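Colleague:
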Amino acid sequence: MSERTAPRTTLQKLLSRFHFGITLFAVALSGATILLAGVTTLRGYADRNMELAARLGAYGVEPALVFNDPQAAREGLEPLMRIPGIARLRVLDDRGRALSEWTSPVGDPAPLLTSLFFPRPFAATVQRNGSVIGRIEVWGDSSTLIDYVRLGLLAGLGCLLVTALGTIVLARRFEYELVKPLNEIATVAHDVRLHRRFDKRVQPLGIAELDRLGGDINALLDELQGWQGTMESEKALLAHRASHDMLTAMPNRSAFDEQLALRIQSAKQRGERFAVLFVDADNFKAANDNHGHRAGDALLVALSARIKETLRKGDFAARIGGDEFIVIIDPLDPDIAPETLAARIQSSVSQPVTLPGGGEYRLRISVGVAVYPDHGADATALLTIADAAMYADKMVNRPKI
């Protein structure tokens, strides 16, 4: 009979011939290894997601801590309230007193699982101008993990059953024909556990039962790879939210500090100058008080859009506070004075903004300018000069009573 038409050997025939009890034990070991890799990976992603959620919440409640406003703190926590897997949120001021708390109305489906994955809350400090003004604490629950763990427990029970059956016949010798395909499975499991190679797959082994087993392992790896992709997407989304303002989609203070440090380093190497413009809305609070928060949000969105419209491709703008923005003009055109750039932004912003409830409002802004390296060679000096110049501009533009 030719090799092409020869029937494949079955596992039952091999066991009858060689008494390879070690086979089932190795299968159980492979399944347990893959399960361990999946649970370990899930634990790592869950921890990182909670940390990113805490950092996102810290940025959202910063204005509330500055003004000691519990309602604003709760509004700042609302984006986190909609994220599955968060059981409780708490905002503390710099004295450790609770400013706002929220507890999920949905009960924890598996408290024991929660104690294993989230034994303590994730905390992030809230800073303003380099000083700690409060802290946010985030508690996780098992609502997003229960399905994954349920499947893991079933897989674990299956591995234990296979192991128990395999130990009965461990004393038997086994031959190369069975060891080789099992080593293929073990190699895949080893790469998955040590290197997180969820793209590895078990190749056809030439044994009917092991081919079916390889298909099941490959299906499990497909699921793990899908979970990994989902976790990475969520991580990237939370990372973006942690570095950007949710209302205006502009970079936040953390992103600005990082960008300013890079610009200083680059300008020092190139021997070029750049400008830092500190922008503050003079009459934003009046709009917020008289027309409501929706109008205030619309003004901030319009202000950010008009600031970005005045910039070149390589320039940078960020929202660092309630109505405070910072612009980096890099490189600085030697033919254009920094004050001209400030006037250009003021002119663009002065155009009326249509409010959500109807009517128009004209924003007034004050702009302070600092030039690197003329006014300072580090971030602190540049921000101090720009901030002082902005307040001087605000005093000049203040309406006379």
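In our numbering, the protein residues as written are 739 to 1139.
Ideal Cβ placement from N, Cα and C applies to all residues, glycine included.
Quick caveat: nothing in here was measured; it's all calculated off a predicted structure.
Kindly identify the DSSP beta-bridge partner or partners of residue 1104.
Modeller: In the DSSP output, where bridge partners are listed per residue, residue 1104 has 1018.
Colleague: Need the endpoints of the alpha helix (DSSP H) that residue 804 sits in, please.
Modeller: Looking at the DSSP string, the run of the alpha helix (DSSP H) that includes residue 804 is 800 to 805.
Colleague: Suppose the cutoff is 8 Å on Cβ atoms and the five residues either side in sequence are ignored; what does the same chain contact list for residue 989 look like?
Modeller: So the qualifying residues of the chain are 981, 982, 983, 997, 1054, 1055, 1056, 1057.
Colleague: What residue ranges within the stretch 1034 to 1094 form continuous beta strand (DSSP E) runs of no fewer than 3 residues, ordered along the chain?
Modeller: With a minimum length of 3 residues, the continuous beta strand (DSSP E) runs that stay inside the stretch 1034 to 1094 are 1054 to 1057, 1062 to 1067.
Colleague: My guess is that residue 827 and residue 878 are in contact by the Cβ rule of under 8 Å, so how many angstroms apart are they, rounded?
Modeller: Residue 827 to residue 878, Cβ: 11 Å. No contact.
Colleague: According to DSSP, is residue 841 part of a helix, a strand, or is it coil?
Modeller: Residue 841 falls in the strand class under three-state DSSP.
Colleague: Whether or not the stretch 1116 to 1126 and the stretch 1006 to 1020 are in contact is what I'm after, with contact meaning three or more pairs of Cβ atoms, one per stretch, closer than 8 Å; do they touch?
Modeller: Yes, they touch.
Colleague: From what residue to what residue does the beta strand (DSSP E) around residue 986 run?
Modeller: Counting along the chain, residue 986 falls outside any beta strand (DSSP E), and DSSP gives it neither H nor E.
Colleague: Would you tell me roughly how many angstroms separate the C-alpha atoms of residue 963 and residue 952, rounded to the nearest one?
Modeller: The alpha-carbon atoms of residue 963 and residue 952 are separated by roughly 16 Å.
Colleague: Compute the distance between the beta-carbons of residue 1095 and residue 1031, then report whether it is under 8 Å.
Modeller: No, Cβ-Cβ distance for residue 1095 and residue 1031 is not below 8 Å.
Colleague: So, residue 1073 versus residue 1104, is the Cβ gap smaller than 8 Å?
Modeller: Contact flag unset, no.
Colleague: With residue 809 as the anchor, note down where its alpha helix (DSSP H) starts and where it stops.
Modeller: Segment 808 to 819, the alpha helix (DSSP H) holding residue 809.
Colleague: Within its chain, find whatever has a CB closer than 7 Å to the CB of residue 941; leave out the 5 residues flanking it on each side and keep chain order.
Modeller: Excluding positions up to five away in sequence, the list reads 922.
Colleague: Excluding sequence positions up to five away, which residues of its chain have a Cβ less than 7 Å from the Cβ of residue 789?
Modeller: Excluding sequence neighbours, residue 789 sits near 860.
Colleague: Mind checking which residues open and close the alpha helix (DSSP H) that includes residue 880?
Modeller: Segment: none, residue 880 is in no alpha helix (DSSP H) and carries neither H nor E.
Colleague: If you measure between the beta carbons of residue 824 and residue 848, is that distance less than 8 Å?
Modeller: It is not a contact, given that the beta carbons lie outside the stated cut-off.
Colleague: Where does residue 1114 fall in DSSP's three states?
Modeller: If DSSP states are grouped into helix, strand and coil, residue 1114 belongs with coil.
Colleague: Specify, as a first and last residue, the run of the beta strand (DSSP E) that residue 830 falls within.
Modeller: Residue 830 -> beta strand (DSSP E) spans 824 to 831.
Colleague: Can you name the residues that DSSP bridges to residue 872?
Modeller: Partner(s): 831, 864.
Colleague: Within its chain, find whatever has a CB closer than 7 Å to the CB of residue 1114; leave out the 5 residues flanking it on each side and keep chain order.
Modeller: Closer than 7 Å at the Cβ level, and outside the excluded window around residue 1114, lie 1108, 1120, 1123.
Colleague: Nearest to residue 821 by CA position, among 979, 889, 891, is which residue?
Modeller: Ranking the options by Cα distance to residue 821, first place goes to 979.
Colleague: Here's the rule I'm using: 16 or more other beta-carbon atoms within 10 Å means buried, otherwise exposed. How should residue 798 be labelled?
Modeller: Buried: at least 16 other Cβ atoms inside 10 Å.
Colleague: Put residue 1098 into one of helix, strand or coil per three-state DSSP.
Modeller: The answer is strand: DSSP assigns residue 1098 an E or B state.
Colleague: Go ahead and pull the three-state DSSP assignment for residue 1005.
Modeller: Three-state result, residue 1005: helix.
Colleague: Which residue's Cα is closest to the Cα of residue 1044: 807, 1065, 1052?
Modeller: Answer by Cα proximity: 1065.
Colleague: Using beta-carbon positions only, say whether residue 829 and residue 818 come within less than 8 Å of one another.
Modeller: The answer is no: Cβ separation not under 8 Å.
Colleague: What would DSSP say about residue 836, mapped onto helix, strand or coil?
Modeller: Three-state DSSP puts residue 836 in a strand.
Colleague: Pick helix, strand or coil for residue 856, following the three-state DSSP scheme.
Modeller: Residue state, collapsed to three classes: coil.
Colleague: Thinking C-beta only, is residue 802 closer than 8 Å to residue 792?
Modeller: Not in contact: residue 792 and residue 802 (Cβ atoms no closer than 8 Å).
Colleague: Determine which residues share a DSSP beta bridge with residue 1012 and list them.
Modeller: Answer by DSSP bridge pairing, in chain order: 1110.
Colleague: Name the residue from 1110, 991, 1101, 930 whose alpha carbon lies nearest to the alpha carbon of residue 866.
Modeller: If we check each option's Cα against that of residue 866, 991 comes out closest.
Colleague: Do residue 1033 and residue 1093 have their C-beta atoms within less than 8 Å of each other?
Modeller: Contact: yes.
Colleague: Label residue 838 either buried or exposed according to how many other C-beta atoms from any shown protein chain fall within 10 Å of its C-beta, with 16 as the threshold for buried.
Modeller: The residue in question, residue 838, is buried, as its Cβ has 16 or more Cβ neighbours within 10 Å.
Colleague: Among the candidates 868, 854, 809, whose CA atom is the shortest distance from the CA of residue 840?
Modeller: Considering only alpha carbons, the answer is 809.
Colleague: If we count the other Cβ atoms within 10 Å of its Cβ and call it buried at 16 or more, is residue 891 buried or exposed?
Modeller: So residue 891 counts as exposed.
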